[in-house]
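For reference, the structure is listed below as structure tokens.
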Amino acid sequence: MDNPDVGPFYHGTKAALEHGGLLQPGLDSNFGAGRTANFVYLTATLDAAIWGAELAAGDQPGRIYQVEPTGPFEDDPNLTDKKFPGNPTRSFRTRAPLRVTGEVNDWKGHAPEQLQAMKDGLARLAARDPVAAGRCRL
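Here the sequence shown is numbered in the working numbering, starting from 81 and rising by one per residue.
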């Protein structure tokens with residue numbers, strides 16, 4: 081599970097997190113009410129973190145945090161093996177905690193029509209394959 085990417089790393093969510101706090105597996109998932117996250121996800125691209133913040137469950141505003149892995153991490157197979165071979169989104173997952181080292185406040189979200197198109201695509205996927213849709217995240 082060792083990965084040569086050195087970051088910086090980000091995590092997009094709608095949760096309010098504290099500087100120095102830890103994101104850990106076993107908590108509620110960003111992507112599905114009542115789901116437990118088996119992994120924590122991180123990315124080395126701001127764009128992927130923006131998608132995470134925009135698509136996370138909840139009504140709160142999206143937030144993007146700078147994070148630091150505390151253990152090994154691997155390519156996120158839900159993206160790299162299925163959507164983007166070669167991992168151009170630099171998206172990863174880990175079973176080790178992520179330490180929050182800061183918050184990115186000056187990010188700009190996707191255009192409303194682009195965000196809606198992504199949500200519509202995820203809804204179509206959920207209608208065809210709910211299990212796959214539950215694993216799909218950015």
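Note that beta-carbon positions come from the ideal geometry of N, C-alpha and C, so glycine has one too. The model shown is predicted, which means the values in this text are computed figures rather than measured ones.
> Between the stretch 173–183 and the stretch 94–108, do at least 3 Cβ pairs fall closer than 8 angstroms?
Replying inline: yes
> Of the residues Arg204, Leu135, Val180, Met198, which one's Cα is nearest the Cα of threonine 150?
Replying inline: Within the sequence shown, the letter at position 70 stands for residue 150. Closest option to threonine 150, Cα to Cα, is Val180.
> Under three-state DSSP, which class holds glutamate 134?
Replying inline: For the purposes of this step, residue 134 is taken as the residue at position 54 of the sequence shown. Helix.
> When you compare only the Cα positions, how much space is there between serine 171 and alanine 129?
Replying inline: Within the sequence shown, the letter at position 91 stands for residue 171. Within the sequence shown, the letter at position 49 stands for residue 129. Answer to the nearest angstrom: the Cα atoms are 9 angstroms apart.
>> Quick check: what's the CA-CA separation for proline 192 versus proline 165?
In response: Position 112 of the sequence shown, counted from the start, is the residue given in the question as residue 192. Position 85 of the sequence shown, counted from the start, is the residue given in the question as residue 165. Proline 192 and proline 165: Cα-Cα distance of roughly 27 angstroms.
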